[in-house]
Amino acid sequence: MQRKYKAIFIFSSLLTLTACGNQIRDDNVVLDYEWEADIYNLVYSHVADVDNLHFWVRRAPEYKDGSPHQRGCIEIAQPRTSNRFYIANLNSYGLIEVKNCEGNYSAFSNIIAPKKSRAFDISAWSRSDGITVTELDGTHWLLKFESLFVVNQYQLTDQGRHTLLRMVKQLQTLPIESLLVYGVADSSGSYAVNRQLSDKRSRVVREFLVEEGIRNIPINIRGSVENALSTAQERVAQRRFMIEVKLKNNAK
Numbered sequence: 001m002q003r004k005y006k007a008i009f010i011f012s013s014l015l016t017l018t019a020c021g022n023q024i025r026d027d028n029v030v031l032d033y034e035w036e037a038d039i040y041n042l043v044y045s046h047v048a049d050v051d052n053l054h055f056w057v058r059r060a061p062e063y064k065d066g067s068p069h070q071r072g073c074i075e076i077a078q079p080r081t082s083n084r085f086y087i088a089n090l091n092s093y094g095l096i097e098v099k100n101c102e103g104n105y106s107a108f109s110n111i112i113a114p115k116k117s118r119a120f121d122i123s124a125w126s127r128s129d130g131i132t133v134t135e136l137d138g139t140h141w142l143l144k145f146e147s148l149f150v151v152n153q154y155q156l157t158d159q160g161r162h163t164l165l166r167m168v169k170q171l172q173t174l175p176i177e178s179l180l181v182y183g184v185a186d187s188s189g190s191y192a193v194n195r196q197l198s199d200k201r202s203r204v205v206r207e208f209l210v211e212e213g214i215r216n217i218p219i220n221i222r223g224s225v226e227n228a229l230s231t232a233q234e235r236v237a238q239r240r241f242m243i244e245v246k247l248k249n250n251a252k
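1 is the number of the first residue of the sequence shown in UniProt numbering; add one for each residue after it.
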């Protein structure tokens, strides 16, 4: 009899715990919408007029199709402009403008062309110390960097790491097709040494990009050595590092 009562007590306790668990999961707003603060901060960090802003979460953030990024779709309303829709990436804190939040909103056909997208702001990159951006065509960009490395070294400087991290956050908001990472050295010293150095720098940058989240994208590397120029200032300009960014054609 004692065992029977004990079994009934345990069964009742389990039912009580299950009921409590369901109540917390279904009714507790904090647990259900723990992404609200991230959405709020993301929107307010990307718009110009935060005092006259309205936004709605049209599609709740989720991990979709095995992606490591949690993304949702939001609508933003600002004065004197039509409402816009964005994919909000809670991992990279980036926004990608899309036509709407309906159906498969992350499909390439729904993404606004990067050239027209407010999420791809060249001026923001140009303002970042150490990055110069040149548009080669609508889906092809050239990024030039300064101070990634100390002379004759291939380890990234602290400033270089911060510069690349800013770049990674921008790249994670874009539909990238491929990257080409390459460095250029002058031949003021041994050609073989300089070529080896440029190759090592390219590999270090590629590894850094992968470690920081640029994955499942082809990243090619290339090192080269140019003939040395006459002045020290000209030779410093030759020791540049560049990354070519090729974006996917949303029309295909």
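The beta carbon of each residue, even a glycine, is placed where N, CA and C say it ideally should be. As the structure is a prediction and not an experimental result, all values here were calculated from the model.
In the three-state scheme derived from DSSP, where H, G and I count as helix and E and B as strand, S178 is classed as strand. Assignment of beta-bridge partners to S224 by DSSP yields V184. For V150, same chain residues with a beta-carbon under 8 Å away, outside a window of 5 residues either side, are T157 in chain order. In this model, R206 and I221 are separated by some 7 Å (Cα to Cα). Under the Cβ criterion (8 Å, minimum of three pairs), the region 99-106 does not count as touching the region 160-178.
DSSP places Q159 within a helical segment (H, G or I) once states are collapsed to three. Considered as a whole, the region 72-122 harbours 84-89 and 94-98 as its complete beta strand (DSSP E) runs of no fewer than 3 residues, in chain order. Counting along the chain, the unbroken beta strand (DSSP E) around I243 starts and ends at F241 to L247. For F145, the enclosing beta strand (DSSP E) has its first and last residue at H140 to F145. Look at Q172 here: in three-state DSSP terms it is coil, with no helix or strand label. Taken atom to atom, the span from the alpha-carbon of R201 to that of N89 is near 30 Å. The three-state reading of DSSP puts R215 in coil, since its state is none of H, G, I, E or B. For L136, the three-state secondary structure derived from DSSP is strand.
Within its own chain, no residue has a Cβ closer than 8 Å to the Cβ of Y40 once the five positions on either side in sequence are excluded.
Boundaries of the alpha helix (DSSP H) around E36: E36 to Y44. Secondary structure at Q153: coil, using DSSP grouped into helix, strand and coil. Within the same chain, Y154, Q155 and L156 come within 8 Å of V204 by CB-CB distance, once the 5 residues on both sides are set aside.
In terms of CA proximity to R84, W56 leads the group L143, V225, V193 and W56. Counted as a single uninterrupted DSSP element, the beta strand (DSSP E) harbouring P61 occupies residues H54 to Y63.
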